[in-house]
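Enquirer:
Protein chains: 2
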Amino acid sequence: MSSLDSRIRSDLESKIRSGEWPPGSRIPTELELVAQYGCARMTVHKAITALVAAGLIERRKKAGSFVARPHVQTAVIEIPDIAAVISERGETYRFDLLRRARAPAAILDEASNLAGFDLGDEVLVLDGLHVAAGRPFCLEHRLIDLAAAPQAVDTDFTATAPGSWLLGHIPWSQARHRITACSAGAGGELLQIARSAACLQVERWTWRAGQPVTFVRQLFPGDRYDLVAEFTPN
Amino acid sequence: MSSLDSRIRSDLESKIRSGEWPPGSRIPTELELVAQYGCARMTVHKAITALVAAGLIERRKKAGSFVARPHVQTAVIEIPDIAAVISERGETYRFDLLRRARAPAAILDEASNLAGFDLGDEVLVLDGLHVAAGRPFCLEHRLIDLAAAPQAVDTDFTATAPGSWLLGHIPWSQARHRITACSAGAGGELLQIARSAACLQVERWTWRAGQPVTFVRQLFPGDRYDLVAEFTPN
DNA sequence: TCGTGTAAAATGTCTAGACAAAATATCCAT
DNA sequence: ATGGATATTTTGTCTAGACATTTTACACGA
């Protein structure tokens, strides 16, 4: 924290964030900063490297280092474990398993068919309802590839939600989310809302080392859940 | 790319991502890796540092370096310029300005009142409709703090959407997004959908150096837009 | 005037070592 | 056995320099 390189780094960062060094402007050369701080070049270099990794600075050989211009708007959303979210709110949490079936993947007519998401031979289908403080909170439809997670067969998902179990047992390497709005439709009865009520639908495809692990579609009543994303440019 | 440290880094990373080194397991000490690669410790250290920054590895003094357990599910969503999105699809794009007004911020009864988002004295209110291929695509309600962006007064927003203009003219340092599902409500007429139709609502608060810059609420018909988020754990 | 080649400036990578800091392990005295 | 001092292991930071690489600027020649 109080190392010299982190001090240099935060000095530079505050000059940038404050606008004192506007986007596109050139910052002092490494040798100038070496003279200014009286340290070795590696130390300055390390500080700048961290800011480059954070996207705040761009370096060009011979030309120097420049404050990066903010480019694409990206935001980091956190899609946490539902059980954890609800516990944090101080509400009781329960998962009701509605359906459990083994099925050959070929039969599934799912919208889970995404390019590059080719499920193995057999799939575990799990439908359930997350309940918070006695009220339905999220309707979940999940497929687990049994080739990727064979232990799932011997797991009792009436006790733990499959999402929580997977988090702890199957590491993954890649996921893709799709967030849409739709009407509750047939899920409305289970969620105890009108069929026409607006819902937030989160679909997630998860891979491990290029192999599909699980697909999940979660339906949240629009007034009971929202995603919040923090965002810092560059 | 082909530097030694990046080679070491990708070696380690693939051992982790493949599962050969499972979460929680200890990786070789820096000195062992030095012996293995025949390089200086700084080089190994740099490679590991990058993986620590990426959240793939955790280091503990005396104990060693360990493969991190995946923790919170975070995803990076891109919230791009609407005009750019539509052009990429190859559709025509138009922005219709529906309302333009200057108002004292005090009057606003907005839900824009977020903790830490205290607008200045005067605000520019801009309501408009993004139109793609002749069909309404997004209904937008925006506030611009005139203290933060005085040039907005002299800008003609019938030509450019305020979002695009702000992107190019006012740098910002922080933003907060809220993504919810709701019914179209009164906006349904303008979007040419039923009042009860599900919509994706994106609200965004933007600051610059701690000062509010703009608030925007965008309403997308649920069937015409969805957010996609890519995600890699750790 | 217009290229073109060369020098210079800046970052990129790496070495071999030093000392610091933290956490664990060990040993000794009680 | 137990508590505390001490040693050891491992990462954390930093130095002072070397050479590579890339791009720009400039001088020079056609």
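Residue numbers (the working numbering), protein chains in the order written: chain S, 1 to 234; chain U, 235 to 468.
Each residue gets a CB set at the ideal place from its N, CA and C atoms; glycine is no exception.
#1: Measuring straight from C-alpha to C-alpha, what distance separates ASN468(U) and ALA428(U)?
#2: Are the beta-carbon atoms of ALA431(U) and GLY456(U) separated by less than 8 Å?
#3: How many whole angstroms separate the CB atoms of PRO162(S) and LEU126(S), which I take to be in contact at a CB cut-off of 8 Å?
#4: So which of GLY402(U), LEU342(U) and ILE378(U) has the shortest CA-CA distance to PRO314(U)?
#5: For ALA132(S) versus VAL213(S), is the C-beta distance shorter than 8 Å?
#6: If PHE66(S) and SER25(S) are in contact, beta carbons under 8 Å, what's the gap, nearest whole angstrom?
#7: Under a CB-based cut-off of 8 Å, is ALA53(S) close to chain U?
#8: Output the boundary residues of the alpha helix (DSSP H) element that contains GLU322(U).
#9: Reducing DSSP to helix, strand and coil, say where GLU30(S) ends up.
#10: What does VAL462(U) touch in chain S if you count any residue whose Cβ is under 9 Å from its own?
#11: What's the gap between the Cα of ARG176(S) and the Cα of ASP460(U)?
#12: Let me make sure I understand the geometry here. Which of ARG204(S), ILE82(S), LEU200(S) and VAL228(S) has the alpha-carbon closest to that of LEU219(S)?
#13: By the three-class DSSP mapping on this structure, what secondary structure does PRO104(S) have?
#14: Kindly say whether LEU200(S), judged by its beta-carbon, lies nearer than 8 Å to any beta-carbon of chain U.
#15: So, helix, strand or coil for CYS247(U), using DSSP?
#16: Classify VAL216(S) as buried or exposed, calling it buried when 16 or more other Cβ atoms lie within 10 Å of its own Cβ.
#17: Using the Cβ count rule (16 or more neighbours within 10 Å means buried), how would you classify ARG323(U)?
#18: Excluding the 5 residues preceding and the 5 following SER398(U) in the sequence, name in chain order all residues of the same chain whose CB lies nearer than 7 Å to its CB.
#19: Within the 8 Å Cβ cut-off, does ARG217(S) reach chain U?
#20: Where DSSP assigns a beta bridge to GLY298(U), which residues make up the other side?
#21: Do GLN426(U) and PRO370(U) have their C-beta atoms within less than 8 Å of each other?
#22: Just checking: is the beta-carbon of SER430(U) within a distance shorter than 8 Å of some beta-carbon in chain S?
#23: Could one say the Cβ of ALA209(S) lies closer than 8 Å to chain U's Cβ atoms, at least one of them?
#24: To which residues of the same chain is LEU155(S) closer than 7 Å at the C-beta, ignoring the five residues directly before and after it?
#25: Would you give the residue range spanned by the beta strand (DSSP E) that HIS450(U) belongs to?
#26: Does the beta-carbon of ALA418(U), which I'm using as the reference point, lie nearer than 7 Å to any heavy atom of the ligand MG?
#27: So, at 7 Å on beta carbons, what are the nonlocal neighbours of HIS45(S) in its own chain, with the 5 sequence-adjacent residues on each side left out?
Expert: Let's see:
#1: Counting from 1 along the second sequence, the entry for residue 468(U) is found at position 234. Counting from 1 along the second sequence, the entry for residue 428(U) is found at position 194. With a pLDDT of only 48 at ASN468(U), under 50, the local geometry of the prediction cannot be trusted, and the value read off the model is given with reservation. Taking the straight line from one Cα to the other gives about 42 Å.
#2: For this step, residue 431(U) is matched to residue 197 along the second sequence. For this step, residue 456(U) is matched to residue 222 along the second sequence. A contact, by the Cβ cut-off of 8 Å.
#3: Taking the first residue of the first sequence as 1, we reach residue 162(S) at position 162. Taking the first residue of the first sequence as 1, we reach residue 126(S) at position 126. Sure, about 5 Å apart at Cβ, within 8 Å.
#4: By 1-based counting over the second sequence, the position of residue 314(U) is 80. Answer by Cα proximity: GLY402(U).
#5: If you number the first sequence from 1, residue 132(S) lands on position 132. If you number the first sequence from 1, residue 213(S) lands on position 213. Taking 8 Å as the Cβ cut-off, ALA132(S) and VAL213(S) do not qualify as a contacting pair.
#6: Here residue 66(S) is taken as the residue at index 66 of the first sequence, counted from 1. Here residue 25(S) is taken as the residue at index 25 of the first sequence, counted from 1. At roughly 7 Å, the Cβ-Cβ gap stays under 8 Å, so PHE66(S) and SER25(S) are in contact.
#7: Counting from 1 along the first sequence, the entry for residue 53(S) is found at position 53. So yes, ALA53(S) belongs to the interface.
#8: Numbered from 1 along the second sequence, position 88 holds the residue referred to as residue 322(U). Counting along the chain, the alpha helix (DSSP H) containing GLU322(U) begins and ends at 316 to 323.
#9: The residue labelled residue 30(S) in the question sits at position 30 within the first sequence. Helix, per DSSP.
#10: Working through the second sequence from its first residue, we reach residue 462(U) at position 228. Neighbours of VAL462(U) on chain S, chain order: ARG176, HIS177, ARG178 and ILE179.
#11: To locate residue 176(S), count along the first sequence from 1; it is residue 176. To locate residue 460(U), count along the second sequence from 1; it is residue 226. When rounded, the distance between both Cα atoms is 13 Å.
#12: As a first step, residue 219(S) is located in the first sequence; it is residue number 219 there, counting from the start. Ranking the options by Cα distance to LEU219(S), first place goes to LEU200(S).
#13: The residue labelled residue 104(S) in the question sits at position 104 within the first sequence. PRO104(S) falls in the strand class under three-state DSSP.
#14: For the purposes of this step, residue 200(S) is identified with residue 200 of the first sequence, where counting begins at 1. Taking Cβ atoms only, chain U reaches closer than 8 Å to LEU200(S), which makes this a yes.
#15: As a working mapping, residue 247(U) is identified with position 13 in the second sequence. Inspection of the sequence shows that residue 247(U) is occupied by Glu rather than by Cys. Residue state, collapsed to three classes: helix.
#16: For the purposes of this step, residue 216(S) is taken as the residue at position 216 of the first sequence. It is buried - the Cβ of VAL216(S) has at least 16 other Cβ atoms within 10 Å.
#17: Within the second sequence, numbered from 1, the residue matching residue 323(U) stands at position 89. So ARG323(U) ends up on the exposed side.
#18: Start at 1 with the first residue of the second sequence, and residue 398(U) comes out as number 164. The residues are ASP315 and ALA317.
#19: In the first sequence, counting from the first residue as 1, residue 217(S) sits at position 217. No, no contact with chain U.
#20: Residue mapping note: residue 298(U) aligns to position 64 of the second sequence, counting from 1. In the DSSP output, where bridge partners are listed per residue, GLY298(U) has ARG294(U).
#21: Residue mapping note: residue 426(U) aligns to position 192 of the second sequence, counting from 1. Residue mapping note: residue 370(U) aligns to position 136 of the second sequence, counting from 1. Yes, the Cβ-Cβ distance between GLN426(U) and PRO370(U) is below 8 Å.
#22: What you label residue 430(U) is simply residue 196 of the second sequence in a count that begins at 1. Closer than 8 Å to some Cβ of chain S, the Cβ of SER430(U) qualifies, so yes.
#23: Sequence index remark: in the first sequence, residue 209(S) carries index 209 (1-based). True, the Cβ-Cβ gap to chain U drops below 8 Å.
#24: Here residue 155(S) corresponds to residue number 155 of the first sequence, with the count starting at 1. Per the sequence shown, residue 155(S) should be read as Thr rather than Leu. Counting only Cβ-Cβ distances below 7 Å, and skipping sequence neighbours, we find TRP165.
#25: Taking the first residue of the second sequence as 1, we reach residue 450(U) at position 216. For the sequence presented, residue 450(U) should be read as Val rather than His. VAL450(U) -> beta strand (DSSP E) spans 445 to 455.
#26: Because no ligand of any kind appears in the structure shown, any question about the ligand MG cannot be addressed here.
#27: Residue numbering aside, residue 45(S) sits at position 45 when the first sequence is read from its first letter. So the list reads GLU30, once near-sequence residues are dropped.
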